[in-house]
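Residue numbers (full-length UniProt numbering): 1 to 252.
Glycine included, every Cβ here is placed at the ideal spot set by N, Cα and C.
Scroll down for the structure; my scribbles are underneath it.
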Ligand code: NAD
C-alpha cells in the first residue's frame, strides 16, 4: 500500500462535496488520517464511515467554516483525534451567480465568508502547529475564474482571485518555516456545484464538454490527484504556485 502520508493527518474542508470526497479518498489511500469537515454532517459522516470501512483512519466534523470559532474547533478536534495537523486542503466553496447589480449584499458577503474568510480562520488556527513542528502543507482551492473571470460571477471570481493572492502571501511568509502553501485553479469539474450552476443557466453538463479542447470537463479524482501531489514531498520545492487544471480550456 502506498503510504506517502503515513502518520500524517489531513483536514479536508467541503469533504462531503464532489471534489472534497475525492480528496478525502485519495489522501486516505495514500495513508493520511482524514478529517472530513463539512457543513453537511450526514454526508460527512457517510464519507468518513466509508473510509473507516476500507481500513483508513477518519473522523467527520460538522462545521460552518465561515465562523472563526468553528474553524478553531476543527483544529482542536483534529489534534485530539490524531495528535497533529500536517495537511490542510482548504477546498470548501460556494458559487453565487450574478453581476454586481443582480447580486444581493448577502450573496457578496457570504461568498467572501465561505470562500475566503474560512481559509483565513482555519489556516490561522492550523498554522501555529505546523510552524511549531517545522513542517506542513496547505492547498487552497481557487479557480480558473479567479485568474480569468467568466462573465456574470463577480462575487465568486473575486473571492477566488483573493484566494490566489492569499495563497501567494502565505507561501512567502511561511516558506522559511517549511510550511508549503500552493493553490489550484480548476476549470469546470463534474460535481454537484457544477450541476446546480448548469441547471440555473438552462444548460446540460454535456454542453460544457464541447468547450474544452481536451474534449470533456474534469473529474473530481483528477483534481484530487493534483491536491495529493501538492501536499506530498514530491512537490517539496513547490511553494506559492497556482496550478491551473483545465483541459486547456480558455475562459470565454
Ligand atoms: P460542491 O458543492 O460539490 O462541494 C462543496 C462543499 O463545500 C459541499 O459539500 C458543501 O456542503 C461545503 N460547504 C459549503 N459551505 C460550507 C461552509 N460554510 N462550511 C463548511 N462546508 C461548506 O462543490 P465542488 O465542485 O466540489 O467544489 C469544491 C471546490 O472547488 C470549491 O471551492 C469550488 O469553488 C472549487 N471549484 C469547483 C469547480 C467546479 O467546476 N466544480 C471549478 C473550479 C473550482
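{"Query": "Quick one: does the C-beta of residue 186 sit closer than 7 Å to a heavy atom of the ligand NAD?", "Result": "yes"}
{"Query": "Name the DSSP bridge partner or partners of residue 183?", "Result": "140, 242"}
{"Query": "Report, in whole angstroms, the separation of the C-beta atoms of residue 62 and residue 116, which I expect to be a contact under 8 Å.", "Result": "About 21 Å separates the two Cβ atoms, so there is no contact after all."}
{"Query": "Please tell me whether residue 4 and residue 232 are closer than 8 Å, where the distance is taken between their beta carbons.", "Result": "yes"}
{"Query": "For residue 191, is the beta carbon positioned less than 7 Å from some heavy atom of the ligand NAD?", "Result": "yes"}
{"Query": "Using 7 Å as the cut-off, classify the Cβ of residue 38 as near or not near the heavy atoms of the ligand NAD, replying yes or no.", "Result": "yes"}
{"Query": "Provide the residue(s) that pair with residue 153 in DSSP beta bridges, ordered along the chain.", "Result": "98"}
{"Query": "With burial defined as no fewer than 16 other Cβ atoms inside 10 Å of the residue's Cβ, what is the status of residue 124: buried or exposed?", "Result": "exposed"}
{"Query": "I need the boundaries of the beta strand (DSSP E) containing residue 217, first residue and last residue.", "Result": "Note, residue 217: premise wrong, no beta strand (DSSP E); not H, not E."}
{"Query": "Are three or more beta carbon pairs between the stretch 21-41 and the stretch 218-235 nearer than 8 Å?", "Result": "yes"}
{"Query": "At what residue ranges does the stretch 8-33 contain a whole run of the beta strand (DSSP E), taking only runs of 3 or more?", "Result": "9-13"}
{"Query": "Go ahead and pull the three-state DSSP assignment for residue 264.", "Result": "Here the chain covers residues 1 to 252 and nothing more, so residue 264 does not appear."}
{"Query": "Please confirm whether any heavy atom of the ligand NAD lies closer than 7 Å to the CB of residue 63.", "Result": "yes"}
{"Query": "Under the criterion of a Cβ to heavy atom distance below 7 Å, does residue 104 qualify as lining the ligand NAD?", "Result": "no"}
{"Query": "Along the alpha helix (DSSP H) that carries residue 194, what are the first and last residues, could you check?", "Result": "192-200"}
{"Query": "Identify whether residue 211 lies in helix, strand or coil by the three-state DSSP scheme.", "Result": "coil"}
{"Query": "For residue 114, verify whether its CB is less than 7 Å away from any heavy atom of the ligand NAD.", "Result": "yes"}
{"Query": "Could you check whether the Cβ of residue 91 sits closer than 7 Å to any heavy atom belonging to the ligand NAD?", "Result": "yes"}
{"Query": "Whole angstroms are fine: how far does the CA of residue 211 sit from the CA of residue 99?", "Result": "22 Å"}
{"Query": "Taking 8 Å as the cut-off, decide whether the C-beta atoms of residue 166 and residue 238 are in contact.", "Result": "no"}
{"Query": "What do you reckon, are the CB atoms on residue 81 and residue 60 nearer than 8 Å?", "Result": "no"}
{"Query": "Flag this pair as yes or no: are the beta carbons of residue 247 and residue 216 separated by less than 8 Å?", "Result": "yes"}
{"Query": "List the residues that DSSP assigns as beta-bridge partners of residue 62.", "Result": "38"}
{"Query": "Helix or strand or just coil, what does DSSP make of residue 264?", "Result": "Nothing can be reported for residue 264: it is not among the residues displayed for the chain, which extend from 1 to 252."}
{"Query": "Please confirm whether any heavy atom of the ligand NAD lies closer than 7 Å to the CB of residue 66.", "Result": "yes"}
{"Query": "Buried or exposed for residue 254, going by 16 or more other Cβ atoms inside 10 Å?", "Result": "With the chain covering only 1 through 252, there is no way to say anything about residue 254."}
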